[in-house]
Amino acid sequence: YKELSKYCLGIQFTAQSFENKILGASFMPDPFPGGVCAKPIINNAFNILIVTSMTTRGHRVPQIILDTTVAHEIGHSFGSYHDITPNCFGYIMSPQTFNDHKSKKHITFSSCSKDQILPILVKKGSCFEPITSPFCGNGILEEGEECDCGVTLDCLQKDPCCNPRRARGLPCKVNKKQGFQCHPSQGRCCSKACTYAKDIPNVVIII
């Protein structure tokens, strides 16, 4: 718990099965003294969450479900409750996990969650620090990256031109093993098909 006081949030992974089909647990920051940026209380840490890689029946949790469970518990730690209202149901903070995750809603935070998280960030976000280095997988093209398609599921479904963070090839680089030459995020010289553009309009530069 002493080390956790140095960080905004700790994540513990375990292979121990939980009861009642539970895959994760976390502390809420409001109205409770827990969640992101929470300080230790009587030698107990509350800025921590736990996720298991084993189901109640002892089977290994599929990677996509493990990933979304981590994001789900982080959502709780940041102040989001379960999405139970009709207009926000089906997103990542739904009470139950989804088996297929074919819909982008399943891996996206709803407007309800964002409305709950924002005041917590304002009130309790004192432990955050500015980003000082690029991070492959955040969907933002940064220094040293040829592309950044975001989370792995988005890359596989919508942007095969770019290697995702966990790819065997170079992460956040053009997937040249599949025959792609470039990425549209690099500029007009690359087509939407991820090949070098042949017909580029003439550009006149006036100095």
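In full-length UniProt numbering, the protein residues as written are 1 to 207. Glycine is no exception: its CB is placed at the ideal position from the N, C-alpha and C atoms.
*Alpha carbon of HIS76 to alpha carbon of GLY35, nearest angstrom*: 7 Å
_Member of SER111, ALA71, ASP67 and ILE107 whose CA lies at the smallest distance from the CA of PRO86_ = SER111
_Status (buried if at least 16 other CB within 10 Å, exposed otherwise) for ALA38_ = buried
*DSSP puts GLY10 in a beta bridge; with which residues?*
ILE48
*CA-CA distance, SER191 and ILE107?*
28 Å
*What is the rounded straight-line gap between the Cα of MET28 and the Cα of GLU19?*
Looking at the backbone, the Cα of MET28 and that of GLU19 are separated by about 20 Å.
*DSSP three-state call for ALA25: helix, strand or coil?*
strand
*asked:* Given this structure, state the Cα-to-Cα distance separating PRO164 from ILE65, to the nearest angstrom.
replied: Between the C-alpha atoms of PRO164 and ILE65 there is a straight-line separation of about 17 Å.
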